[in-house]
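See structure below.
Numbering (the working numbering), first residue to last: 189 to 435.
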């Protein structure tokens with residue numbers, strides 16, 4: 189299981205002071221030096237955290253390091269103000285992975301996966317175009333068989349399973365049945381040749397159970413890592429997560 193660190197919260201903290209402190213690039217290098225396999229950024233049109241310039245700058249740094257760079261966003265977000273547009277960022281950066289999420293402009297965070305709708309043909313075209321610039325294109329989906337079939341039909345190389353429901357119920361109920369649901373969804377995805385990623389509200393408590401499946405290729409974690417860093421320090425926090433993902 190690979191670990192990609194989402195640095196949006198570092199960018200948010202920096203933006204709150206209107207300066208370049210904390211420095212996003214230095215934290216990316218720290219994460220990679222500690223053993224993380226990749227860096228993730230999810231720039232939004234309002235640049236509330238990661239900016240277009242952040243994405244371009246980190247893309248170069250992460251590539252030079254020899255690690256994976258993952259850009260998340262809605263493929264239909266076009267240029268507005270200083271935001272360059274999602275497709276343009278993918279063209280400029282040529283990342284390892286482009287993860288497509290169905291976020292709207294007013295969403296605080298991603299809260300659902302892609303489902304079939306009037307956007308289907310546009311999404312197929314977007315994925316085909318993005319494949320020319322990114323090594324792989326991943327579709328953010330709910331952990332259902334319908335979601336897997338949809339991602340495959342759209343032409344994605346990979347899926348990212350939305351794990352918020354798993355994270356919310358992990359401590360409240362016996363998670364074994366929920367884990368089994370994820371397992372069957374992943375097996376279906378693998379049978380269709382899809383790479384499987386997972387993310388959203390994963391942390392030190394709920395990640396080990398998913399790791400035991402030995403089926404997930406990559407997890408992308410940001411919010412929990414920054415929260416844990418307040419208790420353990422950034423570098424020690426990265427070590428704790430890597431002990432799980434590489435265990």
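The beta carbon of each residue, even a glycine, is placed where N, CA and C say it ideally should be. Quick caveat, the model's predicted, so the values are computed rather than measured.
Look up residue i in the DSSP assignment and say whether it is helix, strand or coil.
i	result
residue 361	coil
residue 271	strand
residue 208	coil
residue 232	coil
residue 382	coil
residue 303	coil
residue 335	helix
residue 264	coil
residue 355	helix
residue 203	helix
residue 434	coil
residue 290	coil
residue 369	helix
residue 401	coil
residue 344	coil
Spell out the partners DSSP gives residue i in its beta bridges.
i	result
residue 285	258 and 324
residue 387	350 and 408
residue 226	192 and 256
residue 329	349
In angstroms with no decimal places, state the Cα-to-Cα distance between residue i and residue j.
i	j	result
residue 396	residue 432	6 Å
residue 249	residue 292	29 Å
residue 266	residue 221	34 Å
residue 421	residue 215	12 Å
residue 411	residue 197	7 Å
residue 379	residue 256	25 Å
residue 309	residue 200	34 Å
residue 210	residue 242	13 Å
residue 338	residue 332	10 Å
residue 192	residue 258	8 Å
residue 334	residue 374	12 Å
residue 207	residue 213	14 Å
residue 247	residue 235	17 Å
residue 253	residue 232	25 Å
residue 371	residue 274	31 Å
residue 359	residue 429	19 Å
residue 364	residue 401	11 Å
residue 319	residue 286	9 Å
Return the chain-ordered list of same chain residues with a C-beta closer than 7 Å to the C-beta of residue i, the five sequence neighbours on each side being excluded.
i	result
residue 289	260, 261, 262, 298 and 328
residue 343	312, 315 and 316
residue 280	244
residue 386	348, 349, 351, 398, 404 and 407
residue 283	247, 257, 258, 259 and 322
Enumerate in chain order the residues of its own chain whose CB-to-CB distance from residue i is below 6 Å, with the five nearest sequence positions on each side excluded.
i	result
residue 416	425
Counting only the same chain and skipping the five closest in sequence on each side, list residues whose C-beta sits under 8 Å from that of residue i.
i	result
residue 300	290, 330 and 350
residue 336	329, 347, 373, 376, 377, 380 and 382
residue 217	249 and 253
Does the ligand HEM have a heavy atom nearer than 7 Å to the CB of residue i?
i	result
residue 255	In the structure shown, the ligand HEM is absent, as is every other ligand, since no ligand is present at all.
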